[in-house]
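Accompanying notes for the structure given below.
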Amino acid sequence: MKKYLRSFWLAIPVVAGLTFVSFRQDDRLFEIARNLDIYATLFKELNAYYVDEINPNQLIKTSIDDMLRSLDPYTVYYAEDDIEDYMTMTTGKYNGIGAIVSSIDKKHTVMMVYEDTPAQKAGLQLGDEIIKINGIDLSTREDFDTGKLLKGQTQTGVTLTVKRYGTPKPLEISLNRDIVKVTNVPYYGMISEDVGYIDLKDFTATASREVRNAFQELKGKGMKHVVLDLRDNPGGLLNMAIEISNIFIPKGQEIVSTKGKVSEWNKTYTAYNPALDTEIPVVVLTNNRSASAAEIVSGVIQDYDRGVLIGQRTYGKGLVQTTRDLSFNTKMKITTAKYYIPSGRCIQAIDYSHRNDDGSVGKIADSLMTEFKTTNGRSVFDGGGILPDILTEKETYSPLATSLGRNRLFFDYAVKYHFEHPTIKPAKEFHLSDADYTAFVKWLGDKEYDYTTQVERDMNDLEASAKKEKSFEVIEDQLKALKSKLSHSKDNDLQIFKPEIKKVLEEEVIKHYYLEKGMREASFNEDPEVKAALALFKDPARYNQLLKKK
Numbered sequence: 001m002k003k004y005l006r007s008f009w010l011a012i013p014v015v016a017g018l019t020f021v022s023f024r025q026d027d028r029l030f031e032i033a034r035n036l037d038i039y040a041t042l043f044k045e046l047n048a049y050y051v052d053e054i055n056p057n058q059l060i061k062t063s064i065d066d067m068l069r070s071l072d073p074y075t076v077y078y079a080e081d082d083i084e085d086y087m088t089m090t091t092g093k094y095n096g097i098g099a100i101v102s103s104i105d106k107k108h109t110v111m112m113v114y115e116d117t118p119a120q121k122a123g124l125q126l127g128d129e130i131i132k133i134n135g136i137d138l139s140t141r142e143d144f145d146t147g148k149l150l151k152g153q154t155q156t157g158v159t160l161t162v163k164r165y166g167t168p169k170p171l172e173i174s175l176n177r178d179i180v181k182v183t184n185v186p187y188y189g190m191i192s193e194d195v196g197y198i199d200l201k202d203f204t205a206t207a208s209r210e211v212r213n214a215f216q217e218l219k220g221k222g223m224k225h226v227v228l229d230l231r232d233n234p235g236g237l238l239n240m241a242i243e244i245s246n247i248f249i250p251k252g253q254e255i256v257s258t259k260g261k262v263s264e265w266n267k268t269y270t271a272y273n274p275a276l277d278t279e280i281p282v283v284v285l286t287n288n289r290s291a292s293a294a295e296i297v298s299g300v301i302q303d304y305d306r307g308v309l310i311g312q313r314t315y316g317k318g319l320v321q322t323t324r325d326l327s328f329n330t331k332m333k334i335t336t337a338k339y340y341i342p343s344g345r346c347i348q349a350i351d352y353s354h355r356n357d358d359g360s361v362g363k364i365a366d367s368l369m370t371e372f373k374t375t376n377g378r379s380v381f382d383g384g385g386i387l388p389d390i391l392t393e394k395e396t397y398s399p400l401a402t403s404l405g406r407n408r409l410f411f412d413y414a415v416k417y418h419f420e421h422p423t424i425k426p427a428k429e430f431h432l433s434d435a436d437y438t439a440f441v442k443w444l445g446d447k448e449y450d451y452t453t454q455v456e457r458d459m460n461d462l463e464a465s466a467k468k469e470k471s472f473e474v475i476e477d478q479l480k481a482l483k484s485k486l487s488h489s490k491d492n493d494l495q496i497f498k499p500e501i502k503k504v505l506e507e508e509v510i511k512h513y514y515l516e517k518g519m520r521e522a523s524f525n526e527d528p529e530v531k532a533a534l535a536l537f538k539d540p541a542r543y544n545q546l547l548k549k550k
């Protein structure tokens, strides 16, 4: 009898547990239904009695966005009006003219023109201000998206009325919309006699093909080393990350695995093609805006000791999103899994809701990180992005340069320079003279811009602390004298920071003649990560040592 009772009582928790699971599931479904009913009732009351007219679509989207934002930064809702933007993000294609337009204070300025697009072929220039589209005066339009007006079906016509610097009368530019392909590899080329460079800026549907084509073409030009630049690459399609890793990693090797709530979706992805090259020395450049698919590729290269990473710690996004179709042609991109690279680590930032001002994950306590091993036995860690093998300082700009850029004064002067100088030397050879810089400083004379230096910010903090602690009166005179002495002078700072200001201005001017490719070419000589890569390739012993077990 005792044995029977013991068996009976042991069985109760199992049965109760099953009942509890069922209850919890039913209870959750009831709570969802109950809250949806409350939400619908609330919205009807708002619509009926709120003092002003409400926009149902806008209000609903705001509530959905706020709900999803409370989960993680990557679960996103796409309303029907946003589907075209979603398709552009995944395919890199859209129907339009091929120009980036900035709309500030009712001024719609062309900031970039893509190569081989209707905008370039029609002669649209950086700095052109669009004042009319198909005869519609944009100054009379409120709350609209210029980009959507410029997009449209392939081969449909659009006429732009633009104001151009130095041209007294507005110009009319007619062009036909076409499929615009925003390339994943905006630039590739030889940056020394035997070093090739591939700049990969996205992971849309053609990324793998573009990188493969660039790689093979550069090998044909004598490439013996390659730099793969993943800086400022926000990621994209998972299969593109797998295929690009496969360029350097042999067939059959694990690239990435995913694990989430729905176990049927968990999968391990391996390289399924023969590698293009498993021997060529590789350097991958990263920074704190290298994310997601870019982190998979850089992580795979590091885990297999296939190359050396140079730059700053990556962003730390180890989450996988799946797109789900919703009703009325809407979509939701939902986080469904975490991904793990070959060493077994997940590079997802431990706390993605709190980051530094520049977006980086910052310093992570050693106690929160787990150690993993690369193929050669090198130690690597999880918990917040991928740490490069060679760390470089993130390039920063002076408050003066930042202010000039924020107020678009580099851009505006480049527009003026382009008008006054029909041609310039090739991008790699162009430099502003001292006379050019003097002319720029003179032009700034009546322009509005200001900035606060770090020392001035520290002084303001000191003054605020002194007032809080009731000691301000004691040091007030000294503080005033010190602030007067340290107060910045624009004229002095324009000379102190001349090398930096001149470099930024040169790149901006080059962009107006040679667009994005030219600007990239012009930056190589001053690019700290590119210079570090070139130096490393000249020292093969150090390159090999970095990939060995410490």
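Heads up: the sequence shown begins at 1 in the UniProt record's numbering, then just goes up one per residue.
C-beta: ideal position from N, C-alpha, C; glycine also.
Considering Gln321, what are the terminal residues of the beta strand (DSSP E) in which it resides?
-> Going by DSSP, Gln321 is part of the beta strand (DSSP E) stretching over 319-326.
If you draw a straight line from the alpha carbon of Val21 to that of Ala33, how long is it in whole angstroms?
-> Residue placement at Val21 cannot be trusted, given a pLDDT of 49 that sits under 50; the coordinates are not used to answer.
Beta carbon of Asn95 nearer than 8 Å to that of Lys151 = Result yes, Cβ atoms of Asn95 and Lys151 sit closer than 8 Å.
Which of the three DSSP states, helix, strand or coil, is assigned to Asp303?
-> If DSSP states are grouped into helix, strand and coil, Asp303 belongs with the helices.
As assigned by DSSP and simplified to three states, the class of Asn95 = The answer is strand: DSSP assigns Asn95 an E or B state.
Under a three-way DSSP split, which group does Phe497 fall into?
-> In the displayed model, Phe497 falls within coil according to three-state DSSP, outside both helix and strand.
Can you tell me the Cα-Cα spacing of Gly123 and Gln155, whole angstroms?
-> Spanning the two alpha carbons is a distance of roughly 17 Å.
Of all the options Thr90, Asn246, Glu172, which has the alpha carbon lying nearest to the alpha carbon of Thr183?
-> Closest option to Thr183, judged by alpha-carbon separation, among Thr90, Asn246, Glu172: Thr90.
Roughly how many angstroms lie between the CA atoms of Leu319 and Thr258, to the nearest whole one?
-> Whole-angstrom Cα-Cα distance: 9 Å.
Round the Cβ separation of Gly316 and Gly385 to the nearest angstrom and send it over; I've been treating them as touching at under 8 Å.
-> Yes, Gly316 and Gly385 are in contact; Cβ-Cβ is about 4 Å, under 8 Å.
Completely contained alpha helix (DSSP H) runs for the segment 190-237, where each covers 4 or more residues | For the segment 190-237, whole alpha helix (DSSP H) runs of length 4 or above, ordered along the chain, are 207-220.
Alpha helix (DSSP H) containing His418: first to last residue?
-> Counting along the chain, the alpha helix (DSSP H) containing His418 begins and ends at 409-420.
Does the distance from the CB of Pro234 to the CB of Ala271 come in under 8 Å?
-> Between Pro234 and Ala271, the gap from beta carbon to beta carbon reaches 8 Å or more.
Among Tyr543, Cys346, Thr396, which one has its Cα closest to the Cα of Pro372?
-> First, the amino acid is wrong: residue 372 is Phe here, not Pro. Of the candidates Tyr543, Cys346, Thr396, the one whose C-alpha sits nearest the C-alpha of Phe372 is Cys346.
Reducing DSSP to helix, strand and coil, say where Lys148 ends up.
-> Three-state DSSP puts Lys148 in a helix.
Gly98 and Thr117 closer than 8 Å at C-beta = Closer than 8 Å, so yes.
Tell me whether Lys503 sits in a helix, a strand or coil according to DSSP, three-state version.
-> DSSP places Lys503 in the helix class (H, G or I) of the three-state scheme.
Report yes or no: do the segment 211-218 and the segment 301-317 share at least 3 C-beta pairs separated by less than 8 Å?
-> The segment 211-218, when compared against the segment 301-317, does not touch it at the 8 Å Cβ threshold.
Whole angstroms is fine: what's the gap from Leu546's alpha carbon to Ile390's?
-> Their backbone Cα atoms lie some 9 Å apart in a straight line.
DSSP beta-bridge partners of Tyr339 = As a beta-bridge residue in DSSP terms, Tyr339 pairs with Thr258.
Stretch pair the segment 158-173 + the segment 74-83: three plus CB contacts closer than 8 Å = Output reads no: the segment 74-83 does not touch the segment 158-173.
Kindly indicate the opening and closing residues of the alpha helix (DSSP H) around Gly176.
-> According to the sequence shown, residue 176 is Asn rather than Gly. Segment 171-176 is the beta strand (DSSP E) holding Asn176; no alpha helix (DSSP H) there.
Assuming Ile104 contacts Met111 (C-beta within less than 8 Å), just tell me the rounded distance between them.
-> Going by Cβ atoms, the distance from Ile104 to Met111 rounds to 10 Å, so no, they are not a contact pair.
Whose CA, out of Asp199, Tyr77, Leu46, lies closest to the CA of Lys61?
-> Out of Asp199, Tyr77, Leu46, the CA that lies nearest to the CA of Lys61 is found in Tyr77.
Got a sec? Which residues, its chain only, sit under 6 Å from Tyr513 by beta carbon, not counting five neighbours each side?
-> The beta carbon of Tyr513 sits closer than 6 Å to the beta carbons of Ile424 from its chain, once the five residues preceding and following it are set aside; these are given in chain order.
Member of Leu171, Ser102, Val113, Gln120 whose CA lies at the smallest distance from the CA of Gly147 = The option with the nearest alpha carbon to Gly147 is Ser102.
Reduced DSSP category for Tyr187 - H, G, I as helix; E, B as strand; rest coil = Of the three classes helix, strand and coil, the one that applies to Tyr187 here is strand, per DSSP.
Compute the beta-carbon to beta-carbon distance between Ile296 and Val262, rounded to the nearest angstrom, for a pair I have assumed lies under 8 Å.
-> In fact, because the Cβ distance is near 21 Å, the residues do not count as touching under 8 Å.
Status (buried if at least 16 other CB within 10 Å, exposed otherwise) for Asn246 | Buried.
Are there 16 or more other CB atoms within 10 angstroms of the CB of Ser379, so buried, or fewer, so exposed?
-> By the neighbour-count definition (other C-beta atoms within 10 Å, threshold 16), Ser379 is an exposed residue.
Counting Cβ pairs, one atom from each stretch, are 3 or more of them under 8 Å apart for the segment 488-504 and the segment 394-404?
-> Output reads yes: the segment 394-404 touches the segment 488-504.
Does DSSP put residue 555 in a helix, in a strand, or in coil?
-> No answer is possible for residue 555: it lies beyond the span of the chain, which begins at 1 and ends at 550.
Residue nearest to Asn492 in terms of C-alpha spacing, selected from Gly445, Gln125, Gly236, Lys201 = Nearest of Gly445, Gln125, Gly236, Lys201 to Asn492, Cα basis: Gly445.
With contact counted as at least three CB pairs below 8 Å, one residue from each stretch, are the segment 472-486 and the segment 534-546 in contact?
-> These segments do not touch.
If Thr374 and Gly311 are in contact, beta carbons under 8 Å, what's the gap, nearest whole angstrom?
-> That pair is no contact at about 18 Å.
Return the bridge partner residues of His333 from the DSSP annotation.
-> The sequence given here places Lys at residue 333; His does not occur at that position. Looking at the DSSP output, Lys333 shares a beta bridge with Val76, Thr323.
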